[in-house]
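In our numbering, the protein residues as written are 112 to 518.
Note that the Cβ used here is the ideal one computed from N, Cα and C, for glycine as well.
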Ligand SMILES: Cc1cc2nc3c(=O)[nH]c(=O)nc-3n(C[C@H](O)[C@H](O)[C@H](O)COP(=O)(O)OP(=O)(O)OC[C@H]3O[C@@H](n4cnc5c(N)ncnc54)[C@H](O)[C@@H]3O)c2cc1C
């Protein structure tokens, strides 16, 4: 029996468990560790933050995936690992030893050292944080009723990357709920997105990105671009625009400030010198193992996988995390059964990227074609159901899948 320890029940870790249970039954003991006893679809966190989906629609118990005869689940926080001693330390349990380790600890919000961002802006990097944002928005609407201060009706999103744009779209969908709560007209709910770059959504062609930006603007979202955030204070952000003598300083105020300027990999990965990580991401070998430790795999958002042609690592996405999880399960099953790693290295081929702007609007590219509007939105939802299927199988799609597509 080989002992495999998997850290993190996100897309990457849960995919390894799901596949390995099928492939190496009887030859492996799997231990899965996560601080939560549920898996959440991180790709839909913005919908929980806006309140357009309840947390129960984007999460399900880890117990639904594991086969107790093969896998033991430990709910605890990983505090570190020793790749030489082959042990993992946990906050509330004894250390675990392993034959093979899979590090899949995912992402956290990245503030890039902006003063006050950690203290005064709301991060959106896990289910608890997303729920906290929705609760906060509703509380601010209640405060408006008492004070009539319009800053309570203002939602500021810091960062107009993929996540910031998707969030702005669902916040626009949520306007009616917020306005009803505050007792105002939905048009009084102001949504402002502040972004340093002037060329938004660089993952798309300029034409498609402009389309997306115009959809967002059409929803009454104000986009402040070319604005480099310098400081966050309670209910206020300060930014600079322009260069050299032309540089100007601007401010905006509002009682809800949400931070979506980017993410980095787990701080546990960053802290381990053996992983030589930058922003919590480590470059794995072409078999997704840690350089110099071929019994430890590193996958998902904590891995910076380089494309064969070099350049910049692939963007970290659920799609590549699932691909890595499947590859690692195959590689592990081969090692356990045949004593050797797979001959073929990990290869990634993107199926495409689709950004949603609220429930019914989206845009993106897939399989060499660009899509817009309703078709793109349906495609996005099908990809989400597909990823539910790929992690959890048909049962999860039946339970959590969006067959209504337009909830
Ligand atoms: C709003 C939003 C929209 C997105 N949209 C898309 C999209 O459309 N398409 C796409 O492909 N990708 C999208 N992404 C990116 C995608 O969500 C991530 O790339 C993906 O979640 C990474 O998967 P993962 O398994 O590596 O990590 P995660 O999903 O972050 O899972 C990590 C797991 O590790 C656990 N964990 C972390 N630290 C510890 C610890 N110390 N101890 C124990 N457990 C721990 C966490 O609880 C979690 O369960 C989106 C992300 C966001 C935020």
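Asked: Nonlocal neighbours in the same chain, by C-beta distance under 7 Å from residue 216, ignoring five residues either side; Found: 118, 119, 189, 377, 379, 380, 413
Asked: Same chain, Cβ closer than 8 Å to residue 416, neighbours up to 5 away in sequence not counted; Found: 394, 395, 399, 424, 425, 431, 435, 457, 459
Asked: Secondary structure of residue 218, DSSP reduced to three states; Found: strand
Asked: Bridge partner(s) assigned by DSSP for residue 172; Found: 149
Asked: Buried/exposed call for residue 161, threshold 16 Cβ in 10 Å; Found: buried
Asked: CA-to-CA distance, residue 446 to residue 127, given in whole angstroms; Found: 14 Å
Asked: For residue 180, three-class secondary structure by DSSP; Found: coil
Asked: Meets three-Cβ-pair contact criterion under 8 Å: the segment 227–240 and the segment 134–145; Found: no
Asked: Check whether residue 488 and residue 467 have beta carbons under 9 Å apart; Found: yes
Asked: Which residues DSSP lists as bridging residue 330, in chain order; Found: Note: residue 330 sits in no beta bridge, so no partner.
Asked: Enclosing beta strand (DSSP E) for residue 481 [first to last residue]; Found: 480–483
Asked: Classification of residue 485 by the beta-carbon crowding that lies within 10 angstroms, buried from 16 upward; Found: exposed
Asked: Residue 333 to residue 340 span [Cα, whole Å]; Found: 16 Å
Asked: Terminal residues of the alpha helix (DSSP H) in which residue 273 lies; Found: 273–293
Asked: Nearest to residue 149 (by Cα), restricted to the options 130, 124, 136, 361; Found: 124
Asked: Buried/exposed call for residue 112, threshold 16 Cβ in 10 Å; Found: exposed
Asked: At least three beta-carbon pairs within less than 8 Å, the segment 297–304 to the segment 262–280; Found: yes
Asked: Contacting residues, own chain, Cβ-Cβ under 7 Å from residue 397 (five flanking each side not counted); Found: 456, 457
Asked: Where residue 344 sits in the DSSP three-state scheme; Found: strand
Asked: For residue 204, the nearest candidate out of 197, 185, 222, 210 (CA to CA); Found: 185
Asked: Residue 151 beta carbon near ligand 1 (any heavy atom closer than 8 Å); Found: yes
Asked: Reduced DSSP secondary structure (H/G/I, E/B, other) of residue 514; Found: Because residue 514 carries a pLDDT of 47, less than 50, the predicted location of this residue cannot be relied on, and no value is offered for it.
Asked: Cβ-based neighbour list, residue 194, same chain, cut-off 7 Å, excluding 5 preceding and 5 following; Found: 385, 401, 404, 407
Asked: Where residue 116 falls, given that 16 or more other Cβ within 10 Å makes a residue buried; Found: buried
Asked: Residues near residue 285 in its chain [Cβ-Cβ closer than 7 Å; skip 5 each side]; Found: 161, 162, 163
Asked: Rounded C-alpha distance that separates residue 463 from residue 422; Found: 19 Å
Asked: Rounded separation between residue 372 and residue 157 - CA only; Found: 14 Å
Asked: Classification of residue 392 by the beta-carbon crowding that lies within 10 angstroms, buried from 16 upward; Found: buried
Asked: Alpha-carbon spacing of residue 213 relative to residue 494, whole angstroms; Found: 25 Å
Asked: Status (buried if at least 16 other CB within 10 Å, exposed otherwise) for residue 251; Found: buried
Asked: Chain-order list of residues whose beta-carbon lies under 8 Å from that of residue 362 (same chain, five-residue window excluded); Found: 347, 348, 349, 350
Asked: Identity of the residues DSSP links to residue 265 by a beta bridge; Found: 301
Asked: Proximity test, residue 377 beta-carbon vs ligand 1 heavy atom, cut-off 8 Å; Found: yes
Asked: Cα-Cα separation, residue 518 to residue 476; Found: Unreliable placement is indicated for residue 518, whose pLDDT of 45 sits below 50; the coordinate value is still reported in the next sentence. Approximately 24 Å between the Cα atoms of the pair.
Asked: Alpha-carbon to alpha-carbon, residue 353 and residue 132; Found: 55 Å
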